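Report on one structure; see the data block that follows.
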Amino acid sequence: MIGEAISSPCLSARGIWKIFGNRPRRALEMADTGASRAEVREATGCTIGARDVSFDALHGETFVIMGLSGSGKSTLLRCVARLSPLSRGSVILEGEDLTAMTEAELRSVRRAKLSMVFQHFGLFWHRRVIDNVAYGLEVQGVDRKTRHSKAEEMLDLVGLEGCGGSYPHQLSGGMQQRVGLARALVVEPTVLFFDEPFSALDPLIRRDMQDELLRIQTGIGGTVIFVTHDFDEAIKLGDRIAVMKDGEFDQVGTAAELIMNPATEYVEEFVKGVPRVKVLRVGDVLTELDGPAPPQRVPAGESLETVLPLLVANTDDIAVLDDHGTAVGRIDRAAVTRLIQPQP
Amino acid sequence: MTAATTLDPDSLNATADWQRRAMWIVVPLALVGLQLIFAGTRLPEHLDETFSDPLDDFAGWAQQNRSSNWLFTVIFRPLTSLVSTGLETIEETLLWVPWFVIPIAIFLYIARTRAWKSAIAASLAIIYPGLVGLWEVTIETLALMGMAIVLSVLIGVPIGVLAAFRRGFDTAIRPVLDAMQTIPAPVYFVPMVMFFGIGPVPATLATVIYALPPVVRLTTLGIRGVAQQSVEASTMFGATRWQTLRKVQIPMALPTIMAGVTQTIMMALGIVVLATLLGAGGLGQSVMDTLSQRRTGRGVATGLAVVAIAAVLDRLGRAVVGQDRATAPSRRTVLICVGGVIGLIIFGRSANYIAFPEMWETRAFDPIDDGVKWARDNLRWFTRAFNDTVVSWYYVPVRDYLTDSVAWPVIIASAAALGAWLKGWRLALLNVCAMGSILLIGMWELSIDTFVQVVAAVVLSILLAIPVGVAAGRHRRVEAALSPVLDALQTIPSLVYIIPAVTLFTIGVVPGLIASILYAIVPGVRLAALGIKQVPTESVEASQMFGATPRQTMFGVRIPLAARTIMAGVNQVIMLVLAMVIISGLVGGGGLGFETISAVKNSEVGLGFEVGFAIVMMAIVLDRSSQAIADRVGAPEVAAH
Numbered sequence: 311m312i313g314e315a316i317s318s319p320c321l322s323a324r325g326i327w328k329i330f331g332n333r334p335r336r337a338l339e340m341a342d343t344g345a346s347r348a349e350v351r352e353a354t355g356c357t358i359g360a361r362d363v364s365f366d367a368l369h370g371e372t373f374v375i376m377g378l379s380g381s382g383k384s385t386l387l388r389c390v391a392r393l394s395p396l397s398r399g400s401v402i403l404e405g406e407d408l409t410a411m412t413e414a415e416l417r418s419v420r421r422a423k424l425s426m427v428f429q430h431f432g433l434f435w436h437r438r439v440i441d442n443v444a445y446g447l448e449v450q451g452v453d454r455k456t457r458h459s460k461a462e463e464m465l466d467l468v469g470l471e472g473c474g475g476s477y478p479h480q481l482s483g484g485m486q487q488r489v490g491l492a493r494a495l496v497v498e499p500t501v502l503f504f505d506e507p508f509s510a511l512d513p514l515i516r517r518d519m520q521d522e523l524l525r526i527q528t529g530i531g532g533t534v535i536f537v538t539h540d541f542d543e544a545i546k547l548g549d550r551i552a553v554m555k556d557g558e559f560d561q562v563g564t565a566a567e568l569i570m571n572p573a574t575e576y577v578e579e580f581v582k583g584v585p586r587v588k589v590l591r592v593g594d595v596l597t598e599l600d601g602p603a604p605p606q607r608v609p610a611g612e613s614l615e616t617v618l619p620l621l622v623a624n625t626d627d628i629a630v631l632d633d634h635g636t637a638v639g640r641i642d643r644a645a646v647t648r649l650i651q652p653q654p
Numbered sequence: 003m004t005a006a007t008t009l010d011p012d013s014l015n016a017t018a019d020w021q022r023r024a025m026w027i028v029v030p031l032a033l034v035g036l037q038l039i040f041a042g043t044r045l046p047e048h049l050d051e052t053f054s055d056p057l058d059d060f061a062g063w064a065q066q067n068r069s070s071n072w073l074f075t076v077i078f079r080p081l082t083s084l085v086s087t088g089l090e091t092i093e094e095t096l097l098w099v100p101w102f103v104i105p106i107a108i109f110l111y112i113a114r115t116r117a118w119k120s121a122i123a124a125s126l127a128i129i130y131p132g133l134v135g136l137w138e139v140t141i142e143t144l145a146l147m148g149m150a151i152v153l154s155v156l157i158g159v160p161i162g163v164l165a166a167f168r169r170g171f172d173t174a175i176r177p178v179l180d181a182m183q184t185i186p187a188p189v190y191f192v193p194m195v196m197f198f199g200i201g202p203v204p205a206t207l208a209t210v211i212y213a214l215p216p217v218v219r220l221t222t223l224g225i226r227g228v229a230q231q232s233v234e235a236s237t238m239f240g241a242t243r244w245q246t247l248r249k250v251q252i253p254m255a256l257p258t259i260m261a262g263v264t265q266t267i268m269m270a271l272g273i274v275v276l277a278t279l280l281g282a283g284g285l286g287q288s289v290m291d292t293l294s295q296r297r298t299g300r301g302v303a304t305g306l307a308v309v310a311i312a313a314v315l316d317r318l319g320r321a322v323v324g325q326d327r328a329t330a331p332s333r334r335t336v337l338i339c340v341g342g343v344i345g346l347i348i349f350g351r352s353a354n355y356i357a358f359p360e361m362w363e364t365r366a367f368d369p370i371d372d373g374v375k376w377a378r379d380n381l382r383w384f385t386r387a388f389n390d391t392v393v394s395w396y397y398v399p400v401r402d403y404l405t406d407s408v409a410w411p412v413i414i415a416s417a418a419a420l421g422a423w424l425k426g427w428r429l430a431l432l433n434v435c436a437m438g439s440i441l442l443i444g445m446w447e448l449s450i451d452t453f454v455q456v457v458a459a460v461v462l463s464i465l466l467a468i469p470v471g472v473a474a475g476r477h478r479r480v481e482a483a484l485s486p487v488l489d490a491l492q493t494i495p496s497l498v499y500i501i502p503a504v505t506l507f508t509i510g511v512v513p514g515l516i517a518s519i520l521y522a523i524v525p526g527v528r529l530a531a532l533g534i535k536q537v538p539t540e541s542v543e544a545s546q547m548f549g550a551t552p553r554q555t556m557f558g559v560r561i562p563l564a565a566r567t568i569m570a571g572v573n574q575v576i577m578l579v580l581a582m583v584i585i586s587g588l589v590g591g592g593g594l595g596f597e598t599i600s601a602v603k604n605s606e607v608g609l610g611f612e613v614g615f616a617i618v619m620m621a622i623v624l625d626r627s628s629q630a631i632a633d634r635v636g637a638p639e640v641a642a643h
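First to last, the protein sequences are chains L and U. Using the numbering used here, the first residue of the first sequence is number 311, and each one after it goes up by one. Using the numbering used here, the first residue of the second sequence is number 3, and each one after it goes up by one.
The following block contains the structure:
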């Protein structure tokens, strides 16, 4: 949806484990022999926050980790961002193992490549907006003039022209998170972490912010790791979505993959409420051409909703075109019928 | 499943019930038995000399080697001269500057933050001591307090920061801080005298020790209270720890740290009078003098000067941080103001308007003396009766009963039983150890004496504080009327209101009792009011919807829900009464207080240690026990916020 240069892995998580409690080693041993979350808790008092989670976020991709509260999504993000120590596993950023670094090495990687937007904004309330945004540059030792001019640019980008002199508490919630966003973007990060950034905002502002993020992301094109509890948000923003439950990934895939083939009942629960025809694209309901391409043609990226009238209007096959205009298949009417039927 | 849980729960309860009932018979029997065995035996004061003798020896050694040993020549003497140079410089500068420059400078400095009202209040407050002829002594005290506060901040903030990051360090210093706040200040006056002699320097350092805990605690609290996400944001941008601390944590914790500094200022002013025992001079000495002259009016005049300093320092402290860059005055304005001040100094010096012009003296307040004298002469029927009732119907008989008639093991065992009943064997053991050690070092009788007085002061304070506090919590107007009174009671040196008490009731137990009540009642009232106010409206409305009378709502809902907070107030009342033990000793209260004062005055290090130890032990027992009572009566934490 957003990605243009999706290719090689940018950030890889390898076998991440996070155990909370006083006896992590014992808990790990138990879990290795297959003990469940509840059993481990019963025996050791430890909670498994993340259980052997691995994923690759590709360059330019928005990778969404979706889960309800207690699913371990924020725990996982904090481990990957190296804000909290992990019990086992490694995090590889462009070939460098973040988990094997000294604090000083990690710091220089952070200065050069990482950035984060927080749920409750994590703003510095004692600093003016401009100094909040410029903070990342300030700790790098960038001189005042340069960092202020860059920060001003960022403020313009997120729609906060002229707010630099205010203090964050003088702004509305949505504007505060824009400050958070500008602050994260100003350092031109390779990877941007978002920890439920919009969940503290009211629904309309949340939608604005999502649109804003999509717009900015198209222009900047870094890798985004985005944590949310909102499935609609996940679908809207994510190139790929990982559905997380009890510290593990239930399923990882594009929105269409999740909707068409939910791997577990849990995922199915989320998929149920989604307006499929709005989310799915023509390319998602493709079947092979059996003969020459019919005259009726639509691009693969077209939303299913917009071609529904066409499908209803006549019974002819409709060809689907890829980006280059070659026909790659036809719309599978049976699949569409299944999709628009009411859910059991 | 363990074996215990498979047992029939009813039979378990029955066993526990039976045991509990048996205790009601066993414990009294044991107490009677102890009484019978130990009645009339001598107190086992085996450790009477164990600690005090070596300390006295050390003090003697220190006295002799003051000029030769490295401890003094390398550490204490240079430290003394450093602090004393600082003090003298501040004092001389403030007296060198023409007097009228000081209020103007204070005004400008605070006005910088646009806090006009507090700028005006502070500059007027600093003029007051001059009006009543106390300018020079006030400056003397101001220098000492300023020095002590600056040192407290310089020492306290780093310690607090360290404690915020190192759990181990925090756990290590916590009991030390507790002790520093519990030990009545004069107790560490004794070692101060030993190392630094008498004068403003040991007074400053003692003030620093006494006033340090709030800065440390609130710095730790403030740093820990900084939103974790802000710290993480800083970390994510690759800030070093030092950068995060300097740019994020300290600035964000600053309001809390400053609250600590304000408390430290108040604490420092709290011992301004006691510091005269160390030769601090200044306003404290003036208050002491008025006490010996029994001049209430002059005492009040001097006390108000202390309040004035408190107000000035408090507002200056706020002005140090209360500055938004958005509202900062321009560089030009600052330059003009600084230039103006310098101009005024030159003008004042050259025109010789330096000393505060003589206006009134503290004599201006003498009419108050007449009022007190009138009360003494005409209220004798009451004061005499009150004095006699307290002394001959309560204090003397109870003290004598506890020291002479009840055998010591009975008292200790009772305290242990009480501790076990309240909180379990740990508290019982603590009580036994604390009281046992008081006994062994030979402080038993003095402690009983003090204890009897403390109990009287605590009970009377609570009887007064709770109804007043409840009323204040219910009615905004009562609270508004009480607030300045409570503030005054906490800032005016307690010796000031001891003066009329001494005039009315003569030297003895009663003036100390009254002063203790007046001083300690404040947190009792405040926390009772707070507790009542915090009761959720919904609970009250629920009670009213069931048709409860206001009385039923008060005793059935409000007070039980406020019990936890009210008990926190009771605990503070106890601690403040203990802090007043020494002051009471100054006016004939006897007991540990008197011994402390004589130990300081005569530099009896061993005795000072023993008395201090006894007071601290008593404080620990009373503190833990009252907290245990609070836990028992308190409703479970209300989760409605």
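We treat Cβ as the ideally placed atom computed from N, Cα and C, and that holds for glycine. Given the structure is predicted, the values throughout are model-derived calculations rather than measurements.
Minimum C-alpha distance to residue i - residue among the options
i	options	result
Y521/U	I568/U, A544/U, G510/U, V583/U	V583/U
G237/U	G382/L, D542/L, K423/L, R335/L	According to the sequence as given, residue 237/U is Thr; it is not Gly. The residue with the shortest Cα to Cα distance from T237/U is K423/L.
S393/L	V498/U, A235/U, S586/U, A312/U	Residue identity differs from the one stated: residue 393/L is Leu in this sequence, not Ser. Nearest of V498/U, A235/U, S586/U, A312/U to L393/L, Cα basis: A235/U.
T452/U	A313/U, L424/U, L81/U, V400/U	V400/U
E543/U	G533/U, V217/U, R560/U	R560/U
I185/U	G610/U, V398/U, T242/U	G610/U
Test item: CB-CB of residue i and residue j under 8 Å
i	j	result
G2/U	Q455/U	Outside the displayed span of chain U (3 to 643) sits residue 2/U, for which this structure offers no information.
P177/U	L441/U	no
T264/U	A213/U	no
I519/U	A459/U	yes
S425/L	P499/L	yes
Enclosing beta strand (DSSP E) for residue i [first to last residue]
i	result
K328/L	319 to 330
S400/L	398 to 403
E558/L	558 to 563
CB contact check: residue i to chain L, cutoff 8 Å
i	result
S232/U	yes
F239/U	yes
P253/U	yes
T7/U	Note that T7/U scores a pLDDT of 43, beneath 50, so its modelled location is shaky; the value from the coordinates is reported in the next line. It does not; no Cβ of chain L falls within 8 Å.
V263/U	no
CB contact check: residue i to chain U, cutoff 8 Å
i	result
S384/L	no
S418/L	yes
S425/L	yes
H436/L	yes
F428/L	yes
A391/L	yes
Q450/L	yes
G355/L	no
V497/L	yes
Residue i burial status per 10 Å Cβ neighbour count (16 or more: buried)
i	result
Y403/U	exposed
S482/L	exposed
T7/U	Residue placement at T7/U is poorly supported in this model, since its pLDDT is 43, which falls under 50; the coordinates are not used for a value here.
W20/U	exposed
K588/L	exposed
P369/U	exposed
W63/U	exposed
Any non-hydrogen atom of the ligand COA within 7 Å of residue i CB
i	result
A270/U	Annotation note on the ligand COA: not contained in the displayed structure, which lists no ligands.
N- and C-terminal bounds of the alpha helix (DSSP H) containing residue i
i	result
V308/U	298 to 323
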